[in-house]
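Using this note's numbering, you'd call the opening residue of the sequence shown number 1387 and step up by one each time.
Each remark here refers to the structure printed beneath this line.
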Amino acid sequence: MVIGVAVLIGLLLPVLGALRDAAIDMKCQANLRSVHQSFQVYANTDDQWVPIGFRAGRLQFNTNVYSGLANKFVLYGWLYLDGLMESP
């Protein structure tokens, strides 16, 4: 009986690990979908323009929220200020 329980646990642990990984993937995809929808809403209200890729006419290689040098919100920070993201 004890061996049967051990075998059952041994079979279930990998399945539970796979389910956990699938849940993490699903959460990540939902977060990416939310960011994409935020960009769509922002673009619809700002002449199809989104706050990513360029800043002050220069190519931007990261996803800043706040620029200490410029002392203002940038990129994702704009979505936050417009109420399109709860937390950048």
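Ideal Cβ placement from N, Cα and C applies to all residues, glycine included.
Just so we're clear, the structure is a prediction, and the values are computed from it rather than from any experiment.
Check	Outcome
Paired residues, beta bridge with K1458 - DSSP	S1453
CA-to-CA distance, S1424 to Y1452, given in whole angstroms	18 angstroms
Three-state secondary structure (DSSP) of L1470	coil
Own chain residues within Cβ distance below 8 angstroms of F1459, not counting five before or after	V1451, Y1452, S1453, Y1466, L1467
The alpha helix (DSSP H) enclosing D1411, as first and last residue numbers	1388-1431
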